[in-house]
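Okay, so here's the structure we're looking at.
In the numbering used here, the protein residues as written are 449 to 806.
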């Protein structure tokens, strides 16, 4: 499936790959160049593929709120919150950002690859709530990097200084209303812009007229999120993993009722997430095994070379009942592949090493 910007990606030299059922650019000028440009200036990403559903509550939001691990009634209007959809066993159906548009209207943004599963979950559980598939008319462009607010101010005369992190507001862009949230998937400063499909190409072109802005693809998006220690559904998150195991219990509010709550409270975690940095430029990769000495203790879920740290970094899971070692080795199952020596570090240390403020 093609996004609205597919033709633009081809014209600007994007190397196209399939991701989540969509044809998207992996890179333009190179993953490392795009990564470093985002960290130092401003990069734009086509994120129109992400699933967007609007919910209109008819009587009470309790039915809708029962699906999410946070109490959506506590979200102030004009704010958004990260949370999860869980199955009855406490496993993660998807990770979601919920926007409170008004007291009776919410929007949930989730992953493209899980859209049909998530949509089916909504349809099977929401009987008193109107569900609108916003993908049919709404696109999304992420503008990320330390100069992102300056670029939007200079191009469109909008002041984003009043927006706090995970807040959003409506603005006029290209003579049409859009809404912009102070949020993103890079770990740095940035914004997510929601605009109608009729204006997507015009907005993309307008942003690229500014010399501080360059397009970036999926490759840089992945390395940026890894430096920030952010999870990816299908790698760190899945239906066999709970938010507690993923180290994301802070996004679960046990004071309200939600699907999977009782199992999540009663069952202890079976594994724990770890963040790794290698001694060299060699990178941990998906499915590589983690060893403490000769004992296999876990596996890698994501990994890459970090352009900011100049070393390999990764995320993985290890057995819950062991003491976390300071140093481990990583190895592929293929014979002849050498081991990569890595240190297990707290997420905050990884984020600081990448030069991000956390």
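Quick reminder that beta carbons are idealized off the backbone N, C-alpha and C, glycines included.
Fair warning: this is a prediction, and the values are worked out from it, not measured in the lab.
Which residues in the same chain have their Cβ closer than 7 Å to the Cβ of residue i, if we skip the five residues on either side of it in sequence?
| i | result |
| --- | --- |
| residue 812 | One cannot answer for residue 812 here, as it falls past the ends of the chain, which runs 449 to 806. |
| residue 453 | 494, 496, 648, 649, 652 |
| residue 701 | 517, 518, 519 |
Are the Cβ atoms of residue i and residue j separated by less than 8 Å?
| i | j | result |
| --- | --- | --- |
| residue 659 | residue 593 | no |
| residue 809 | residue 674 | As displayed, the chain neither begins before 449 nor continues past 806, which places residue 809 out of reach and without an answer. |
| residue 626 | residue 614 | no |
| residue 622 | residue 597 | no |
| residue 562 | residue 681 | yes |
| residue 455 | residue 472 | no |
| residue 610 | residue 560 | no |
| residue 582 | residue 502 | yes |
| residue 729 | residue 760 | yes |
| residue 479 | residue 661 | no |
| residue 487 | residue 756 | yes |
| residue 628 | residue 612 | no |
| residue 470 | residue 449 | yes |
| residue 788 | residue 778 | yes |
| residue 549 | residue 644 | no |
| residue 566 | residue 534 | no |
Which residues bound the beta strand (DSSP E) around residue i?
| i | result |
| --- | --- |
| residue 555 | 553-558 |
| residue 580 | 577-581 |
| residue 705 | Looking at the DSSP string, residue 705 is not in any beta strand (DSSP E), and its letter there is neither H nor E. |
| residue 533 | 528-534 |
| residue 599 | No beta strand (DSSP E) holds residue 599; the alpha helix (DSSP H) holding it covers 596-604. |
| residue 737 | 737-740 |
| residue 626 | 624-629 |
Between residue i and residue j, what straight-line distance do the alpha-carbon atoms span, to the nearest angstrom?
| i | j | result |
| --- | --- | --- |
| residue 522 | residue 537 | 25 Å |
| residue 689 | residue 795 | 19 Å |
| residue 797 | residue 525 | 33 Å |
| residue 803 | residue 490 | 16 Å |
| residue 579 | residue 511 | 13 Å |
| residue 801 | residue 539 | 31 Å |
| residue 731 | residue 577 | 46 Å |
| residue 620 | residue 656 | 18 Å |
| residue 683 | residue 595 | 30 Å |
| residue 679 | residue 805 | 18 Å |
| residue 509 | residue 547 | 13 Å |
| residue 713 | residue 515 | 16 Å |
| residue 531 | residue 506 | 23 Å |
Skipping 5 residues on each side, what residues in its chain have a beta carbon closer than 8 Å to that of residue i?
| i | result |
| --- | --- |
| residue 408 | Outside the displayed range of the chain (449 to 806) lies residue 408, so it cannot be described from this structure. |
| residue 772 | 720, 722, 766, 792 |
| residue 636 | 486, 487, 592, 593, 594, 672, 676, 804 |
Where does the unbroken alpha helix (DSSP H) through residue i begin, and where does it stop?
| i | result |
| --- | --- |
| residue 765 | No alpha helix (DSSP H) contains residue 765, which is instead part of the beta strand (DSSP E) from 759-767. |
| residue 798 | 795-801 |
| residue 513 | 510-513 |
| residue 861 | Residue 861 falls outside the range modelled here, since the chain spans only 449 to 806, and no answer is possible. |
| residue 669 | 666-675 |
Could you name the residues of the same chain whose beta carbon sits closer than 6 Å to that of residue i, not counting the 5 residues immediately before and after it, in chain order?
| i | result |
| --- | --- |
| residue 575 | none |
| residue 775 | 791 |
| residue 667 | 474, 475, 479 |
Query raised in the report: Using 8 Å as the threshold, is the region 744-753 in touch with the region 552-570, meaning 3 or more CB pairs across them?
Result: no
Report task. Say whether the region 530-549 touches the region 479-490, bearing in mind that this needs 3 or more beta-carbon pairs closer than 8 Å, one atom from each stretch. Result -> no
**Report entry** At least 3 beta-carbon pairs within less than 8 Å: the region 587-605 vs the region 566-573
**Finding:** no
Query raised in the report: At a cut of 8 Å, does the region 699-711 reach the region 729-743 through at least three beta carbon pairs?
Result: no
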